[in-house]
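Undergrad: The sequence shown begins at 166 in this note's numbering and counts up one residue at a time.
Where is the CB? At the ideal position from N, CA and C, for every residue including glycine.
These numbers were taken from a predicted model, which means no experiment stands behind them.
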Amino acid sequence: MYNYNNYPCNNCRNAPWYNPEMYPYFYALGRPDYTWGYPVRNTDYTGMEIKDYGPNPFAINIDEASKQNNNFRTALWTGDHMQLTLMSLAPGEDIGMEIHPNVDQFIRIEEGQGTVRMGKDKNADEYVVNVDDDYAFIVPANTWHNVVNTGSTPMKLYSVYAPPRHPHGTIQRTKAAANAAE
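1. List, from N- to C-terminal side, the beta strand (DSSP E) runs of 3 residues or more that fit wholly inside the segment 223 to 264.
2. Among I260, E229, L249, D245, which one has its Cα closest to the Cα of E347?
3. For K340, report the span of its alpha helix (DSSP H) as first-last.
4. Under 8 Å, with one C-beta from each stretch per pair, do the segment 278 to 295 and the segment 235 to 249 reach the 3-pair mark?
5. With DSSP run on the structure shown, which of helix, strand or coil describes D298?
6. Going by beta carbon distance, what residues of the same chain come within less than 6 Å of N267, once the five residues before and after it are set aside?
7. Closer than 8 Å by C-beta to R238: which residues in its own chain qualify, once you throw out the five before and the five after it? Chain order, please.
8. Would you report the Cα separation of K340 and E291, rounded to the nearest angstrom?
9. Please classify D217 as buried or exposed, where buried requires at least 16 other C-beta atoms within 10 Å of its C-beta.
10. From T315 to P256, what distance separates their C-alpha atoms?
11. Can you tell me which of the three DSSP states N333 falls into?
12. Closest by CA to N236, which one among F302, M262, V294, I215?
13. Along the beta strand (DSSP E) that carries G284, what are the first and last residues, could you check?
14. Would you mind stating whether L254 and M213 have Cβ atoms separated by less than 7 Å?
15. By a C-beta neighbour count over all protein chains shown, 10 Å radius and 16 as the cutoff for buried, is S317 buried or exposed?
16. Check the C-beta distance from G219 over to H333 and give it rounded, since I have them as a contact under 8 Å.
Structure representation (structure tokens):
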């Protein structure tokens, strides 16, 4: 009466149906054996020695390098016209109200939160903004400025000075050491 022999063999009887939308990507993409000549990017960051590499050509994962740095200030690259420094501010610490008469500065927060104050006088109340991860701000030359870590974890940031502000190879482990060097 009923024909239960719809399958060519018993092994296929309970096999799932093929669903082409179940795996929308080819299963071998990204595997080293099946890259078909395309370069495979190494995504594992193993760290790099934090030192001044200038003025030679240089490339680095700046996010990871910033997070790796535990010094108050470390010059990562110093050239004739520009300098890149990494900074780490402990909770409650600030860089100190300062002014650079002939230096423009770009600062990016990689990790942490804080408050930025800038202005034409030492009170620096003209521009006050709260910042956190991935914020960037520009400090024009001859502008008083300060960055304060208001979070509970160290603030990791990097700063680009044009022209360079600190000597080649600068490593200042603490704010006190930085103030003594100024």
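TA: Well, looking at it:
1. 238 to 243, 248 to 254
2. Taking the sequence shown and counting its residues from 1, the one referred to as residue 347 is at position 182. Answer by Cα proximity: I260.
3. In the sequence shown, counting from the first residue as 1, residue 340 sits at position 175. Looking at the DSSP string, the run of the alpha helix (DSSP H) that includes K340 is 340 to 346.
4. no
5. As a first step, residue 298 must be located in the sequence shown, where it is residue number 133. Residue state, collapsed to three classes: coil.
6. Counting from one through the sequence shown, the residue named residue 267 turns up at place 102. If we look at N267 and ignore the five residues flanking it on each side, its Cβ neighbours are A306.
7. The residue given as residue 238 occupies position 73 in the sequence shown. Counting only Cβ-Cβ distances below 8 Å, and skipping sequence neighbours, we find T250, L251, M252, H331, T335, I336, Q337, A343.
8. Translated into the one-based positions of the sequence shown, residue 340 becomes position 175. Translated into the one-based positions of the sequence shown, residue 291 becomes position 126. Rounded to the nearest angstrom, the two C-alpha atoms are 25 Å apart.
9. By one-based count along the sequence shown, residue 217 stands at place 52. The residue is buried, with at least 16 neighbouring Cβ atoms inside 10 Å.
10. What you label residue 315 is simply residue 150 of the sequence shown in a count that begins at 1. What you label residue 256 is simply residue 91 of the sequence shown in a count that begins at 1. Distance between the alpha carbons of T315 and P256 is about 6 Å.
11. Residue mapping note: residue 333 aligns to position 168 of the sequence shown, counting from 1. At residue 333 the sequence reads His, which differs from the Asn that was named. Coil, per DSSP.
12. Along the sequence shown, read from residue 1 onward, the residue named residue 236 stands at position 71. Nearest of F302, M262, V294, I215 to N236, Cα basis: I215.
13. As a working mapping, residue 284 is identified with position 119 in the sequence shown. From DSSP, the beta strand (DSSP E) with G284 extends over 279 to 284.
14. Walking along the sequence shown from the start, residue 254 turns up at place 89. Walking along the sequence shown from the start, residue 213 turns up at place 48. Against a cut-off of 7 Å, the Cβ pair of M213 and L254 comes out as no contact.
15. Here residue 317 is taken as the residue at index 152 of the sequence shown, counted from 1. Exposed, by the Cβ-count rule.
16. Here residue 219 refers to the residue found at position 54 when the sequence shown is read from its first residue. Here residue 333 refers to the residue found at position 168 when the sequence shown is read from its first residue. Contact flag correct, Cβ pair sits at about 7 Å.
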